[in-house]
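Novice: In our numbering, the protein residues as written are 151 to 465.
Here it is, the structure, as structure tokens.
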């Protein structure tokens, strides 16, 4: 088999070579490239590949259609909305993801945003550097807050677990709630969750039904003290409407890790100018530990697929 890795997995060269050597020892070819989103370059690099590995780089229907030998796409990411699944399905190409690798990393960043925004950390840090005091910036505690979780898959449930342990009341919305969902998650309709929650955090996948799920109309249902966090996918939320609500004081604060496009962002993006907002360049999934865990999962995906026992199956 010819295996092509089209972008970095965020691990050391030494660790990557350990995995590559194991595949080569079994008679497989393994090639590594630096990330390049040019479609023609991608076509050339994977034209003879049996297996292609990517992370969050777009891998489109057009590129997949050009790969005559491609049999398996191994996605080193949880979401697969950047992969041309339509063509992959038509061509009978198997697709697996790296489900579970970033549960802890995302949950911890979300928690840090909750705490930072509740305690006004960005504002008080600035005040302190300017020689000021805490006057007018005394924050609130997390314990006892109603935390609404939109999407209660693995990451959403981990956020729920942490918040529950810290004394929060956990509300959940999910069109397909897990049958084994923890008893401490009280499910609501989306409107009810938006109206009742002190903190709202989004953890649903991006698909046709979730584009603009948090629309201007939905944002209007939040209360003026609401803290809103999105570490899922940018297009789930109407950025312009959210920025307007923040700037007009219709909600209190926001923590945003994802946008309509991958950073770097245009300087005039509305959420870069919004009040009381922490913005980060899509880093929630990325910790030293999660990158190692991700590599372990995606190389195990290959081993399992080669053995006819596909895991983390998308297609």
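Glycine included, C-beta positions come from ideal geometry on N, C-alpha and C.
On a predicted model such as this, the values are computed, not experimentally measured, just so you know.
Whole angstroms are fine: how far does the CA of residue 182 sit from the CA of residue 243?
Specialist: Translated into positions along the chain shown, residue 243 becomes position 93. Translated into positions along the chain shown, residue 182 becomes position 32. Looking at the two C-alpha atoms, the distance is approximately 21 Å.
Novice: Since residue 402 contacts residue 426 with CB under 8 Å, what's their CB separation in whole angstroms?
Specialist: Taking the chain shown and counting its residues from 1, one reaches residue 402 at position 252. Taking the chain shown and counting its residues from 1, one reaches residue 426 at position 276. The Cβ separation is near 6 Å, so the contact holds.
Novice: At which residue ranges does the region 317–352 contain complete beta strand (DSSP E) runs of 3 or more residues, listed in the order of the chain?
Specialist: With a minimum length of 3 residues, the continuous beta strand (DSSP E) runs that stay inside the region 317–352 are 319–323, 335–337, 349–352.
Novice: For residue 378, count the other beta carbons within 10 Å of its own beta carbon; 16 or more makes it buried, fewer makes it exposed. Which is it?
Specialist: Along the chain shown, read from residue 1 onward, the residue named residue 378 stands at position 228. With 16 or more Cβ atoms within 10 Å of its Cβ, residue 378 is classed as buried.
Novice: So which of 274, 331, 278 has the shortest CA-CA distance to residue 288?
Specialist: The residue you call residue 288 lines up with position 138 of the chain shown. Answer by Cα proximity: 274.
Novice: Report the option in 268, 364, 261 whose CA atom is closest to the CA atom of residue 314.
Specialist: Here residue 314 refers to the residue found at position 164 when the chain shown is read from its first residue. Cα-wise, what sits closest to residue 314 is 261.
Novice: Where residue 334 and residue 322 are concerned, what is the direct C-alpha to C-alpha distance, given to the nearest angstrom?
Specialist: Along the chain shown, read from residue 1 onward, the residue named residue 334 stands at position 184. Along the chain shown, read from residue 1 onward, the residue named residue 322 stands at position 172. C-alpha separation (whole angstroms): 10 Å.
Novice: First and last residue of the alpha helix (DSSP H) that includes residue 462?
Specialist: As a position in the chain shown, residue 462 is number 312, starting the count at 1. Segment: none, residue 462 is in no alpha helix (DSSP H) and carries neither H nor E.
Novice: If distances are taken between C-alpha atoms only, which option among 172, 212, 344 comes closest to residue 365?
Specialist: Residue numbering aside, residue 365 sits at position 215 when the chain shown is read from its first letter. Comparing Cα-Cα distances from residue 365 to each of 172, 212, 344, the minimum goes to 344.
Novice: Taking buried to mean at least 16 other C-beta atoms within 10 Å of its own C-beta, is residue 380 buried or exposed?
Specialist: Sequence index remark: in the chain shown, residue 380 carries index 230 (1-based). Flag for residue 380 reads buried.
Novice: Measure the Cβ-Cβ separation of residue 301 and residue 353 and say whether it is below 8 Å.
Specialist: As a first step, residue 301 is located in the chain shown; it is residue number 151 there, counting from the start. As a first step, residue 353 is located in the chain shown; it is residue number 203 there, counting from the start. Cβ atoms of residue 301 and residue 353: closer than 8 Å.
Novice: Run through the DSSP bridge pairs and tell me what residue 203 is partnered with.
Specialist: For this step, residue 203 is matched to residue 53 along the chain shown. According to DSSP, residue 203 bridges with 155, 224.
Novice: Are the CB atoms of residue 252 and residue 225 within a distance shorter than 8 Å?
Specialist: Walking along the chain shown from the start, residue 225 turns up at place 75. Walking along the chain shown from the start, residue 252 turns up at place 102. Result no, Cβ atoms of residue 225 and residue 252 do not sit closer than 8 Å.
Novice: Would you kindly report the start and end of the unbroken beta strand (DSSP E) that includes residue 181?
Specialist: Residue 181 sits at position 31 when you count from the first residue of the chain shown. Here the beta strand (DSSP E) through residue 181 covers 179–182.
Novice: Tell me, please, which residues DSSP counts as bridged to residue 411.
Specialist: In the chain shown, counting from the first residue as 1, residue 411 sits at position 261. Residue 411 is not bridged to any residue.
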